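Position in the sequence shown (first residue = 1) + 1035 = my numbering.
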Amino acid sequence: SMPSVKFSRIVTFSSEDPIHKADNVLSQDGAKKWRTKDVGEKQLSAVIQLDRPYKLNAVDIGNNGSAFVEVQVCRQGQNEFKVLLASASFLSPIESRNEQNLCRVRMFGADKLNKEVSQEKWDQVKVVCTQPFNKHLKYGLSFLTVHSPTVDDESTTRSCTMKKLGAFALKDESDDANL
């Protein structure tokens, strides 16, 4: 499993249900949901502050009634968001209207993300949910998890190097034995 990036706080949000609040996204475990305050809202969005800047190479999204979810990123203080994951479909119009499969989970690897954007480090993530097909539904997310190749890179690099050296050493000894 890839290390997941730590969320530190919600910077802003467009809407939240009194029970299913935006802060619930910070838990990252899907135990609590975040939903619109009202039915028929055009869009639901939140900006999440990460504990430090990260390169981002995967996104896991647990839906809660959204038809589309997009993930954007920014560096604190620059007000320009860039698209990391272009609007991804979670519910068809028919599923939306019938309120079926509302809690689908999708995992997006590096191949699904904007390559240029995923090469840089970001410390804010903006998630944008929309549900144009059902105006009678409060919608949002069950969870959002963002992964980074750099969360634990120092320790993994060290252990890999040691293993490699060990393998070379063993190989040399066996080569000597064959002579």
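Positions of the beta carbon are idealized from the N, C-alpha and C atoms, including for glycine. Remember, it's a predicted structure, so these values are computed and weren't measured experimentally.
Chain-order list of residues whose beta-carbon lies under 6 Å from that of residue i (same chain, five-residue window excluded)
i, result
"aspartate 1095", "Met1142 and Thr1180"
"alanine 1123", "Val1104"
"valine 1040", "Leu1085, Tyr1089, Val1181 and Ser1183"
"phenylalanine 1048", "Ala1057 and Ala1081"
"leucine 1061", "Phe1042"
"glycine 1144", "Ala1093"
"phenylalanine 1116", "Gln1107, Cys1109 and Lys1161"
"glutamate 1130", "Asn1136"
Inter-residue Cα distance where the pair is residue i and residue j
i, j, result
"phenylalanine 1042", "glutamine 1159", "9 Å"
"asparagine 1114", "valine 1104", "20 Å"
"glutamate 1134", "lysine 1161", "25 Å"
"glutamate 1051", "alanine 1081", "10 Å"
"alanine 1218", "threonine 1165", "Given a span of 1036 to 1214 for the chain in the structure shown, any question on residue 1218 remains unanswerable."
"glutamine 1154", "valine 1140", "25 Å"
"glutamate 1076", "arginine 1132", "15 Å"
"lysine 1173", "asparagine 1098", "12 Å"
"cysteine 1138", "valine 1163", "16 Å"
"leucine 1176", "threonine 1185", "26 Å"
"arginine 1044", "histidine 1055", "16 Å"
"lysine 1068", "asparagine 1136", "15 Å"
"proline 1128", "glycine 1100", "11 Å"
"leucine 1126", "phenylalanine 1178", "16 Å"
Close beta carbons around residue i, own chain, < 7 Å, minus the five adjacent residues each side
i, result
"proline 1167", "Ala1102"
"tryptophan 1157", "Pro1088, Tyr1089, Leu1091, Val1108, Cys1109 and Arg1110"
"threonine 1071", "Ser1050, Asp1052, Leu1079, Lys1173, Tyr1174 and Gly1175"
"glutamate 1189", "Any reading at glutamate 1189 needs caution, since the residue's pLDDT is 45, under 50, leaving its predicted position unreliable; the model's value is listed next. Cβ neighbours of glutamate 1189 beyond the five flanking positions: none."
"asparagine 1059", "Lys1067, Lys1068 and Trp1069"
Close-in-space but distant-in-sequence residues of the same chain around residue i (CB under 8 Å, 5 per side omitted)
i, result
"valine 1112", "Residue identity check: residue 1112 is glycine in the sequence provided, not valine. No residues qualify anywhere along the chain."
"alanine 1074", "The residue you asked about is not alanine; residue 1074 is valine in the sequence shown. Excluding sequence neighbours, valine 1074 sits near Lys1170, His1171, Leu1172 and Lys1173."
For residue j and residue i, believed in contact at Cβ under 8 Å, the rounded distance
i, j, result
"valine 1046", "isoleucine 1083", "7 Å"
Original post:
Does the count of Cβ pairs from the stretch 1146-1159 and the stretch 1086-1101 closer than 8 Å reach three?
Top reply: yes
Original post:
Residue ranges of each beta strand (DSSP E) run of no fewer than 3 residues wholly in the stretch 1128-1185, ordered along the chain?
Top reply: 1140-1143, 1156-1165 and 1175-1182
**OP:** Mind listing, in chain order, the continuous beta strand (DSSP E) runs of no fewer than 3 residues lying wholly within the stretch 1058-1135?
**Re:** 1079-1090, 1093-1099, 1103-1109 and 1117-1124
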